[in-house]
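Read top to bottom, the protein sequences are chains C and S.
Quick note, the first sequence lines up with residues 21 to 364 if you use our numbering.
Quick note, the second sequence lines up with residues 21 to 364 if you use our numbering.
Beta carbons are placed, not taken as given, at the ideal position from N, Cα and C, and that holds for glycine.
Step one of this worksheet: look at the structure below.
2 protein chains.
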Amino acid sequence: MLVNSSMTESVRLSIAEVHELAVRVLSHNGMSEAHANAIAKVIAAGQRDECHSHGVYRLLVTTHTLRKGKVSGTAEPVVHDRSPAIVAVDARFAFSQLAFEVGSKVLVEKARNVGIAALAINNCFHFSALWPEVEWLAEQGLAAMALTPSHAWVAPAGGSRPALGTNPVAFGWPRQGDFPYVFDFATSAAARGEIELHRRAGTEIPLGWGVDASGLPTADPSAVVNGGAMLTFGGHKGSALSTMVELLAGPLIGDLTSLDSLALDDGAGGTPCHGELIVAFDPKHFGLGDGPGDAARAERLFSAITDQGARLPSQRRFEARTRSQSEGFFIPQALYSDVLALLR
Amino acid sequence: MLVNSSMTESVRLSIAEVHELAVRVLSHNGMSEAHANAIAKVIAAGQRDECHSHGVYRLLVTTHTLRKGKVSGTAEPVVHDRSPAIVAVDARFAFSQLAFEVGSKVLVEKARNVGIAALAINNCFHFSALWPEVEWLAEQGLAAMALTPSHAWVAPAGGSRPALGTNPVAFGWPRQGDFPYVFDFATSAAARGEIELHRRAGTEIPLGWGVDASGLPTADPSAVVNGGAMLTFGGHKGSALSTMVELLAGPLIGDLTSLDSLALDDGAGGTPCHGELIVAFDPKHFGLGDGPGDAARAERLFSAITDQGARLPSQRRFEARTRSQSEGFFIPQALYSDVLALLR
Chain C
21 MLVNSSMTES
31 VRLSIAEVHE
41 LAVRVLSHNG
51 MSEAHANAIA
61 KVIAAGQRDE
71 CHSHGVYRLL
81 VTTHTLRKGK
91 VSGTAEPVVH
101 DRSPAIVAVD
111 ARFAFSQLAF
121 EVGSKVLVEK
131 ARNVGIAALA
141 INNCFHFSAL
151 WPEVEWLAEQ
161 GLAAMALTPS
171 HAWVAPAGGS
181 RPALGTNPVA
191 FGWPRQGDFP
201 YVFDFATSAA
211 ARGEIELHRR
221 AGTEIPLGWG
231 VDASGLPTAD
241 PSAVVNGGAM
251 LTFGGHKGSA
261 LSTMVELLAG
271 PLIGDLTSLD
281 SLALDDGAGG
291 TPCHGELIVA
301 FDPKHFGLGD
311 GPGDAARAER
321 LFSAITDQGA
331 RLPSQRRFEA
341 RTRSQSEGFF
351 IPQALYSDVL
361 ALLR
Chain S
21 MLVNSSMTES
31 VRLSIAEVHE
41 LAVRVLSHNG
51 MSEAHANAIA
61 KVIAAGQRDE
71 CHSHGVYRLL
81 VTTHTLRKGK
91 VSGTAEPVVH
101 DRSPAIVAVD
111 ARFAFSQLAF
121 EVGSKVLVEK
131 ARNVGIAALA
141 INNCFHFSAL
151 WPEVEWLAEQ
161 GLAAMALTPS
171 HAWVAPAGGS
181 RPALGTNPVA
191 FGWPRQGDFP
201 YVFDFATSAA
211 ARGEIELHRR
221 AGTEIPLGWG
231 VDASGLPTAD
241 PSAVVNGGAM
251 LTFGGHKGSA
261 LSTMVELLAG
271 PLIGDLTSLD
281 SLALDDGAGG
291 TPCHGELIVA
301 FDPKHFGLGD
311 GPGDAARAER
321 LFSAITDQGA
331 RLPSQRRFEA
341 RTRSQSEGFF
351 IPQALYSDVL
361 ALLR
């Protein structure tokens with residue numbers, strides 16, 4: 021750790037220092053070592069990639085939720101081996117990360133054995149991005165898709181009242197070289213957190229992000245959050261995709277929809293509690309025997325995108341990672357102090 | 021068949037009559053009975069549901085392609101049982117429908133056995149919508165997702181040159197009652213056929229559908245088709261989703277991307293030739309033992325959408341189907357004559 025004199029309001033940390041800080045804070049607040057480590061990993065990864073809302077800042081939210089006692093900090097996930105192609109993990113109302121860590125090892129084995137496999141996580145409190153999960157699976161040589169509902173904040177296309185969650189879809193594809201191909205997007209037009217940030221800052225949101233309580237388009241973030249609704253991206257297509265997330269990561273796996281999750285929360289404003297579905301594909305089982313040729317075809321697609329100056333998803337994140345790994349990163353002194361206060 | 025006197029330019033046909041007509045036309049033009057029947061089924065279903073571009077009209081295109089000799093009308097699909105969770109079908113450069121018919125039976129078995137399974141179709145000429153496939157799987161009690169590339173006509177977000185296909189994503193969910201929950205959308209902002217229709221009619225297209233050869237937004241359909249590019253729906257999110265379709269239904273299964281497919285076509289303007297991926301999920305394997313409760317949660321989601329006056333995807337199609345089943349449907353006399361001419 022190093023306080024930069026030219027940026028007196030910032031603190032420079034390394035990835036390892038953030039990890040260690042996260043483990044200390046979470047353990048101090050009653051979390052088991054296994055849970056603390058699993059969560060510290062994704063928080064350090066978020067900060068490393070400059071996804072600030074999923075970085076050090078998350079320690080405040082996570083600790084707050086933990087202290088309220090709604091989330092278990094110690095429940096050990098229980099693995100159910102359902103079939104040669106399905107593993108389910110009961111997170112037992114703890115955060116999702118440890119359940120993923122435990123279940124994903126079984127998922128990888130199954131995908132390697134039979135070519136396609138699914139990991140269903142049940143009863144988890146879910147706050148993290150999905151890219152760390154599909155990215156890890158891609159690093160194991162698997163293509164992967166991850167889906168999870170959230171709270172019902174989002175109106176379906178053609179409607180104006182919440183029925184859907186922000187319902188992210190993430191996808192990873194293994195590549196040679198430093199980074200896999202990864203995307204992770206909310207099926208809502210904007211993230212809930214972006215609207216919250218505008219609300220706190222008193223700034224307007226773009227039209228298309230949400231409607232007010234009377235169903236009219238609004239630039240007022242408070243009107244969206246108080247009685248209005250967020251909108252999906254991409255009109256009826258984004259809305260349809262969002263229902264797929266609800267159904268596959270909800271009722272299919274015996275878990276809640278975003279409507280159910282919000283009802284369960286009952287106005288407490290807590291982290292959504294529901295399920296998650298991850299599907300992994302092993303190219304070795306699917307291909308026709310020409311693995312290098314298949315990989316080359318995928319690379320030609322990526323080149324056709326980047327050669328015309330378009331970005332691949334996650335490109336910015338990978339650039340931040342490269343910087344963080346050599347230089348560490350700065351976090352605001354105020355945030356750092358708030359986090360240290362959680363150790364008292 | 022009945023010529024309506026009040027609509028002298030139309031011919032009324034029943035679903036069975038369209039099926040029979042399609043079989044006659046295709047067989048007369050050298051297609052095997054098995055292929056003709058499989059294609060007649062989807063053409064009759066398209067007309068029944070008033071998806072006109074996938075109905076009787078398709079007989080003209082299909083027969084034309086067949087007569088040019090590029091597509092095999094007789095090649096029997098070869099089934100490869102790859103694993104307890106994967107079946108691959110080599111369509112051997114015939115149309116996709118028979119390969120699906122043969123492979124989907126194995127897919128259903130595998131999904132019922134291990135809970136999740138995939139059908140990869142290789143080397144198929146593909147012109148049909150994907151909803152008949154996921155709908156049929158939903159009728160077997162399975163949730164299902166289907167993906168296929170096409171020709172590279174679509175620019176990625178941030179770019180202006182084609183790299184992606186129109187890449188549809190279809191999804192089905194089993195429901196009690198008359199119809200499953202089904203959607204099927206192109207990841208391009210509009211279907212290729214819609215732009216073609218505007219071009220023929222000499223009408224403008226909405227901004228957002230495409231760019232001209234210099235990469236600028238255009239309302240001129242000819243500028244999009246000649247040297248320009250179509251755009252994806254939903255900006256960078258729709259573009260990302262489209263890459264997932266390319267990768268999973270292309271290189272993953274050892275088959276072509278839309279770039280490869282267009283290169284193979286080499287300017288002939290033919291039907292795309294590539295692969296397709298269908299993933300099926302059996303709720304019985306995934307759920308936690310409360311099937312009726314899970315189904316009820318899905319139904320509450322559908323009600324939350326329809327109760328506010330929003331439509332479910334496919335609702336219009338199902339309404340058309342109900343009409344067609346009791347009353348048959350009208351097709352233009354000119355189209356009917358063109359189709360009959362294919363029997364000469």
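Return the Cβ separation of Thr223/C and Gly230/C in integer angstroms, given the expectation that the two are a contact with Cβ distance under 8 Å.
Mapped onto the first sequence, residue 223/C falls at position 203. Mapped onto the first sequence, residue 230/C falls at position 210. That pair is no contact at about 14 Å.
Strictly under 7 Å for the Cβ-Cβ distance: is Ile273/S near chain C by that measure?
Position 253 of the second sequence holds residue 273/S. For Ile273/S, the answer is yes, since a Cβ of chain C falls inside 7 Å of its Cβ.
Contact with chain S by Asp232/C, beta-carbon distance below 7 Å
Start at 1 with the first residue of the first sequence, and residue 232/C comes out as number 212. With 7 Å as the cut-off, Asp232/C does not count as an interface residue toward chain S.
Excluding five sequence neighbours on each side, which residues of the same chain lie with their C-beta closer than 8 Å to the C-beta of Ser124/C?
Along the first sequence, one-based indexing puts residue 124/C at 104. Leu139, Glu153, Trp156, Leu157 and Ile298.
Going by the DSSP bridge assignment, what does Ala283/S pair with across the sheet?
Taking the second sequence and counting its residues from 1, the one referred to as residue 283/S is at position 263. According to DSSP, Ala283/S bridges with nothing at all.
State yes or no: is the C-beta of Pro292/C within less than 7 Å of the C-beta of Phe203/C?
Against the first sequence, residue 292/C aligns to sequence position 272. Against the first sequence, residue 203/C aligns to sequence position 183. Not in contact: Pro292/C and Phe203/C (Cβ atoms no closer than 7 Å).
For Lys130/S, the nearest candidate out of Phe301/S, Leu308/S, Asp310/S and Arg317/S (CA to CA):
Position 110 of the second sequence, counted from the start, is the residue given in the question as residue 130/S. The shortest Cα separation from Lys130/S among Phe301/S, Leu308/S, Asp310/S and Arg317/S belongs to Phe301/S.
Contact between the segment 161-172 of chain S and the segment 306-316 of chain C (3+ Cβ pairs under 8 Å):
no
Might you give, ordered along the chain, the residues of its own chain that have their beta carbon closer than 7 Å to the beta carbon of Ala65/S, omitting 5 neighbours on each side?
Working through the second sequence from its first residue, we reach residue 65/S at position 45. Same-chain partners within the cutoff: Pro152.
Measure the C-alpha to C-alpha separation of Ser25/C and Gln353/C and round it to an integer number of angstroms.
The sequence position of residue 25/C within the first sequence is 5, counting from 1. The sequence position of residue 353/C within the first sequence is 333, counting from 1. Reliability fails at Ser25/C, whose pLDDT of 47 lies under 50, so the model's placement of it is uncertain and the value that follows must be treated cautiously. If you take the alpha carbons of Ser25/C and Gln353/C, they lie about 12 Å apart.
In angstroms with no decimal places, state the Cα-to-Cα distance between Leu217/S and Met250/S.
Walking along the second sequence from the start, residue 217/S turns up at place 197. Walking along the second sequence from the start, residue 250/S turns up at place 230. Cα-Cα distance, rounded: 14 Å.
Just to check my reading of the structure: Val265/S and Leu167/S have Cβ atoms closer than 8 Å, yes? What is that Cβ distance to the nearest angstrom?
In the second sequence, counting from the first residue as 1, residue 265/S sits at position 245. In the second sequence, counting from the first residue as 1, residue 167/S sits at position 147. Contact holds; Cβ gap of about 5 Å.
Contacts of Glu266/S in chain C (Cβ-Cβ under 7 Å):
As a first step, residue 266/S is located in the second sequence; it is residue number 246 there, counting from the start. Under the 7 Å cutoff, chain C gives Leu321.
Sort Ser242/S, Val91/S, Gly135/S and Ile325/S by Cα distance to Gln117/S and report the nearest one.
Stepping through the second sequence from its first residue, residue 117/S is reached at position 97. Of Ser242/S, Val91/S, Gly135/S and Ile325/S, the residue nearest in Cα terms is Val91/S.
Over the uninterrupted beta strand (DSSP E) stretch that includes Met165/S, give me the two end residues.
By 1-based counting over the second sequence, the position of residue 165/S is 145. That run of the beta strand (DSSP E) goes Ala163 to Leu167.
Where the beta strand (DSSP E) containing Gly103/S begins and where it ends
If you number the second sequence from 1, residue 103/S lands on position 83. Going by the sequence as given, residue 103/S is Ser instead of Gly. Where Ser103/S is concerned, the enclosing beta strand (DSSP E) stretches over Val98 to Ser103.
With the cut-off set at 7 Å, would you say Pro271/C and Arg195/S are in Cβ contact?
Along the first sequence, read from residue 1 onward, the residue named residue 271/C stands at position 251. Along the second sequence, read from residue 1 onward, the residue named residue 195/S stands at position 175. In this structure, Arg195/S does not lie closer than 7 Å to Pro271/C by Cβ.
In the DSSP assignment, find the unbroken beta strand (DSSP E) run with Trp193/C in it and report its ends.
Within the first sequence, numbered from 1, the residue matching residue 193/C stands at position 173. Trp193/C -> beta strand (DSSP E) spans Pro188 to Trp193.
Neighbour flag for Ser103/C against chain S, beta carbons, 7 Å:
Residue numbering aside, residue 103/C sits at position 83 when the first sequence is read from its first letter. Yes - at least one Cβ of chain S is within 7 Å of the one on Ser103/C.
List the residues of chain S that Ala137/C touches, going by C-beta distances under 8 Å, in chain order.
In the first sequence, the residue the question calls residue 137/C occupies position 117. Ordered by position in chain S, the residues that pass the 8 Å Cβ test against Ala137/C are Ala105 and Ile136.
So, is the C-beta of Phe306/C closer than 7 Å to a C-beta in chain S?
Translated into positions along the first sequence, residue 306/C becomes position 286. So yes, Phe306/C belongs to the interface.
Is Val134/S near the ligand PLP - that is, is its Cβ less than 6 Å away from at least one heavy atom of it?
The ligand PLP is absent from the structure shown, which contains no ligand whatsoever.
Within 7 Å of chain C by C-beta, residues of the segment 319-344 of chain S in sequence order:
Arg320, Leu321, Ala324, Ile325, Gln328, Gly329, Ala330, Arg331 and Pro333
Can you find the residues in the same chain that come closer than 8 Å, C-beta to C-beta, to Val62/S, ignoring five residues on each side of it along the sequence?
Here residue 62/S refers to the residue found at position 42 of the second sequence. Answer for Val62/S: His74, Gln117, Ser148, Ala149 and Pro152, listed in chain order.
Using a Cβ-Cβ cutoff of 7 Å, what residues of the segment 67-97 of chain C are near chain S? List them in chain order.
none
Please state whether DSSP places His171/C in a helix, a strand or coil.
Within the first sequence, numbered from 1, the residue matching residue 171/C stands at position 151. DSSP places His171/C in coil when its eight states are reduced to three.
Quick one: residues in its chain with C-beta nearer than 8 Å to the C-beta of Glu29/C, no 5 flanking neighbours on either side, listed in chain order?
Position 9 of the first sequence, counted from the first residue, corresponds to residue 29/C. Only Pro352, Gln353 and Ala354 meet the Cβ criterion.
Could you tell me whether the Cβ atoms of Gln67/C and Val45/C are closer together than 7 Å?
The residue you call residue 67/C lines up with position 47 of the first sequence. The residue you call residue 45/C lines up with position 25 of the first sequence. Cβ atoms of Gln67/C and Val45/C: not closer than 7 Å.
So which residues of chain C does Arg132/S contact, with C-beta pairs closer than 7 Å?
As a working mapping, residue 132/S is identified with position 112 in the second sequence. Going along chain C, no residue has its Cβ under 7 Å from Arg132/S, so there is no contact; the nearest lies around 10 Å.
For the segment 194-217 of chain C, enumerate the residues whose C-beta is nearer than 7 Å to any C-beta of chain S, in chain order.
Phe203 and Phe205
Contact check, Glu70/C vs Ala340/C, beta carbons under 7 Å:
Reading the first sequence from its first residue, position 50 is the one you call residue 70/C. Reading the first sequence from its first residue, position 320 is the one you call residue 340/C. Going by C-beta atoms, Glu70/C is nearer than 7 Å to Ala340/C.
Could you spell out the range, first to last residue, of the alpha helix (DSSP H) harbouring Phe322/S?
Within the second sequence, residue 322/S is the residue found at index 302, counting from 1. First-last of the alpha helix (DSSP H) with Phe322/S: Gly311 to Thr326.
Helix, strand or coil for Ser26/C? Go by DSSP, reduced to three states.
Along the first sequence, read from residue 1 onward, the residue named residue 26/C stands at position 6. Confidence at Ser26/C is low in this model, with a pLDDT of 48, below 50, so the placement of that residue is unreliable and no value is reported for it.
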